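Working notes, beginning with the structure itself.
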Amino acid sequence: MDKMKVSYEAMLSLTAEMIWDDAIRKYRTEKIYEQIDKALATGDESSFRTLTDELKTLQ
Numbered sequence: 197m198d199k200m201k202v203s204y205e206a207m208l209s210l211t212a213e214m215i216w217d218d219a220i221r222k223y224r225t226e227k228i229y230e231q232i233d234k235a236l237a238t239g240d241e242s243s244f245r246t247l248t249d250e251l252k253t254l255q
């Protein structure tokens, strides 16, 4: 019984970590899109390229 409990707790921990990682990735993606919009609006090509490269690594 204890072995099942340990396995269950490990699964819960991994699931929570996956959800947390996904939430962080989505948040960061949103922020990058906002920064890309600002870079486009101001004509900042350097920032645009840097941000799009970073966005590619997240996706």
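Be aware that the sequence shown starts at 197, since it is given in our numbering, and climbs by one per residue. Glycine residues also receive a C-beta, built at the ideal position from the N, C-alpha and C atoms. The structure presented is a predicted model; accordingly, all values stated were derived computationally and were not measured.
{"query": "Three-state class that DSSP yields for Asp-233 in the structure shown", "result": "helix"}
{"query": "First through last residue of the alpha helix (DSSP H) which encompasses Asp-249", "result": "241-254"}
{"query": "Buried or exposed (CB count within 10 angstroms, at least 16 for buried), Leu-247", "result": "buried"}
{"query": "Among Met-214, Asp-218, Ser-203, the one whose alpha carbon lies nearest that of Leu-254", "result": "Asp-218"}
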